[in-house]
Amino acid sequence: MAKVLIVDDEEFIRDSFGMTLERAGYNVLTAESGNEGLGTLAKHPDVACVVSDIKMPGMDGLELLAKIKDQHPTLPVIIISAHGTPEDAARAIKLGALDYFAKPFSAGEIEARIGKAIEHHNLAEEAATLREVVKQQAAPKVDFITASSGSMARLRETLERIAASDSTVLIQGESGTGKEVVARYIHTKSARADKPFLAVNCAALSAGLLESELFGHERGAFTGAERQRKGRFELARGGTLLLDEVSEIDVHLQAKLLRVLQEKNFERVGSSDTIKADVRVLATTNRDLNKAVREGKFREDLFFRLNVLPVVLPPLRERKGDIPDLARHFLTLHGRRMGREAPELDAEAAGALSGYGWPGNVRELENVLERVLVLENAKVLTGPIVRKYLGTEAPTATIKKEGGFILPGGEDDVPSIETIENKLIQFAMQRLGGDKNKVAEALGITTKTLRAKLKKLGVE
Numbered sequence: 321m322a323k324v325l326i327v328d329d330e331e332f333i334r335d336s337f338g339m340t341l342e343r344a345g346y347n348v349l350t351a352e353s354g355n356e357g358l359g360t361l362a363k364h365p366d367v368a369c370v371v372s373d374i375k376m377p378g379m380d381g382l383e384l385l386a387k388i389k390d391q392h393p394t395l396p397v398i399i400i401s402a403h404g405t406p407e408d409a410a411r412a413i414k415l416g417a418l419d420y421f422a423k424p425f426s427a428g429e430i431e432a433r434i435g436k437a438i439e440h441h442n443l444a445e446e447a448a449t450l451r452e453v454v455k456q457q458a459a460p461k462v463d464f465i466t467a468s469s470g471s472m473a474r475l476r477e478t479l480e481r482i483a484a485s486d487s488t489v490l491i492q493g494e495s496g497t498g499k500e501v502v503a504r505y506i507h508t509k510s511a512r513a514d515k516p517f518l519a520v521n522c523a524a525l526s527a528g529l530l531e532s533e534l535f536g537h538e539r540g541a542f543t544g545a546e547r548q549r550k551g552r553f554e555l556a557r558g559g560t561l562l563l564d565e566v567s568e569i570d571v572h573l574q575a576k577l578l579r580v581l582q583e584k585n586f587e588r589v590g591s592s593d594t595i596k597a598d599v600r601v602l603a604t605t606n607r608d609l610n611k612a613v614r615e616g617k618f619r620e621d622l623f624f625r626l627n628v629l630p631v632v633l634p635p636l637r638e639r640k641g642d643i644p645d646l647a648r649h650f651l652t653l654h655g656r657r658m659g660r661e662a663p664e665l666d667a668e669a670a671g672a673l674s675g676y677g678w679p680g681n682v683r684e685l686e687n688v689l690e691r692v693l694v695l696e697n698a699k700v701l702t703g704p705i706v707r708k709y710l711g712t713e714a715p716t717a718t719i720k721k722e723g724g725f726i727l728p729g730g731e732d733d734v735p736s737i738e739t740i741e742n743k744l745i746q747f748a749m750q751r752l753g754g755d756k757n758k759v760a761e762a763l764g765i766t767t768k769t770l771r772a773k774l775k776k777l778g779v780e
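This is the structure we're talking about:
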């Protein structure tokens, strides 16, 4: 039932107009002044249309219109008047009024105009959601789930069973194992596939910003909140919301997230109005959440709420049998995108790929093979060709040892600090099994800094 706010200083108009709209099925709110109207909007952010008189004591209808458009740009406003002029009508439309008409008016006329206004509002909301979805879908995706190996077929079968449910899913695995791809696959196979899929990187935002990103905020809720903003739980309405790296959420925010999962509703930051959460939640993490629970860093009750349907993606080094099939899949995929025939992979090349540690997992495998396709013209990829891109031949030809430390470069070369740093990071990732927390600690840098450097290397 859509909410309509009537702002008019005449009690008779408010009451008669309100009764007409209630009979038509609307939830009617009223206010006798512009200031009261703004206060009502603050308490009821889900109002779908405002109808305001133009001539009122204090704040008139045009001033109210300007303030509403500043705070709620997509909210339709209809201006009515018994004494308006053509200049008033022109100014109202210029300020953003969707419609303008004079008293008296028939019940049928006002119902029709409000119906059109609410339809306009819904379309604007859908357009905003679509822009968010397009932004998300534009992100590059690693398409490995369609690979033909037996383990991929079994994974697809499991994910399709999970997709048939509407329960929360916790996807665990190291960085680069394809957690977001798995989440997208679940969404596309679910009953929510025609609705939005939105993702939030919980590790990239501070607690305050993440709360606003997830739940939205009202104007003035905090410094810099100049306008009302919907959060991802609203924008993903009817669809799927992915909480990427959920283990990084602040403990205070974990409690609020738990409540959403339990009660299926929430409030925007700075508001006491409850909003229904019609969204399926998927979450990913590269941490051991059981350990985080034991250490008091993650709420046990939230873990149980998220872990209704667990999916664990093993690192690529533990799935060596999948590597040749995945490699052929990526060669075909990127070959098609580049307009060239995919080269074959001989047995020695397949062995070289299978023998490598892949600290960046599936993402690194794809990046390496895309690089090979760009830089090599061979119709058959051999062991020597592949090894060039894995660095496994480098020690015999391109490194030297100084003071017990192996440096990249030729015998007479002095490598740059950046080159040494990149090699050191790659070495640490392999030695420590791709565990970013351990690697960051060993190198004496923050996990955030390590992520940035890995992304630059094409591993993150």
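As numbered in our numbering, the sequence shown has no gaps in its residue numbers, which increase by one up to the final residue, 780. Beta carbons: idealized from backbone N, C-alpha and C, even for Gly. Predicted, not measured: the structure shown is a model, and the values here were computed from it.
Cβ-Cβ distances below 7 Å link Leu573 to Ala527, Leu530, Glu531 in the same chain, with the five nearest sequence neighbours on each side left out; the list follows chain order.
Taking all protein chains in view, the Cβ of His403 is surrounded by fewer than 16 other Cβ atoms within 10 Å, so the residue is classified as exposed. Taking 8 Å as the cut-off, the beta carbon of Leu622 is found no closer than this to the beta carbon of Leu693. Residue Cys369 holds the alpha-carbon nearest to the alpha-carbon of Val348 among Cys369, Glu330, Phe332, Gly354. Distance from the CA atom of Gly764 to the CA atom of Ser510, rounded to whole angstroms, is 43 Å. For the pair of segments examined, the region 352–359 was found not to touch the region 429–443: the number of CB pairs separated by less than 8 Å stays below three. The alpha carbon of Gly590 has as its nearest neighbour, out of Lys611, Ala545, Asp608, the alpha carbon of Ala545. Nearest in C-alpha terms to Val632, of all of Lys414, Gly659, Leu475, is Leu475. In the structure shown, the three-state DSSP call for Tyr420 is strand.
In this structure, the straight-line span from the alpha carbon of Ser674 to that of Asn610 is close to 31 Å.
A distance below 6 Å between beta-carbons, with the five flanking residues on each side excluded, links Ile569 to the following residues of its chain, in chain order: Cys522.
Leu490 is bridged by DSSP to Ala603, Pro630.
Within the DSSP secondary-structure output, Lys596 pairs in a beta bridge with Asn585. With the rule of 3 Cβ pairs closer than 8 Å, the region 650–669 counts as touching the region 700–709. When DSSP states are grouped into helix, strand and coil, Asp755 belongs to the coil group. In the structure shown, the three-state DSSP call for Asn347 is strand. Annotated three-state conformation of Glu429 is helix, per DSSP.
With at least 16 other beta carbons inside 10 angstroms of its own, Ser372 counts as buried.
Excluding five sequence positions before and after Ile438, the CB atoms of its chain that fall closer than 6 Å to its own CB belong to Ala322, Ala368, Cys369, given in chain order. Counting along the chain, the unbroken beta strand (DSSP E) around Asn521 starts and ends at 517–521. Comparing alpha-carbon positions, the option among Ala362, Glu494, Arg334, Asp486 lying closest to Lys756 turns out to be Glu494.
Thr497: not part of any beta strand (DSSP E); DSSP gives it neither H nor E. Taking C-alpha positions only, Glu684 is separated from Arg637 by approximately 12 Å.
Taken through DSSP and simplified to helix, strand or coil, His440 comes out as helix. Counting only the Cα atoms, Tyr505 lies some 11 Å from Thr560. The Cβ atoms of Leu385 and Val397 sit closer than 8 Å to each other. In the same chain as Val688, and ignoring 5 residues on each side of it, the C-beta atoms closer than 6 Å to its own belong to Tyr709, in chain order. For the 8 Å CB-CB criterion, Asp366 and Ile595 form a contact. A Cβ-Cβ distance of about 6 Å is found for the pair Asp564 and Ala519, placing them in contact under the 8 Å criterion.
Where Ser372 is concerned, the enclosing beta strand (DSSP E) starts and stops at 367–373. Using a Cβ distance threshold of 8 Å, Ala670 and Pro635 do not count as a contacting pair. A straight-line Cα-Cα distance of about 11 Å links Asn681 and Lys640.
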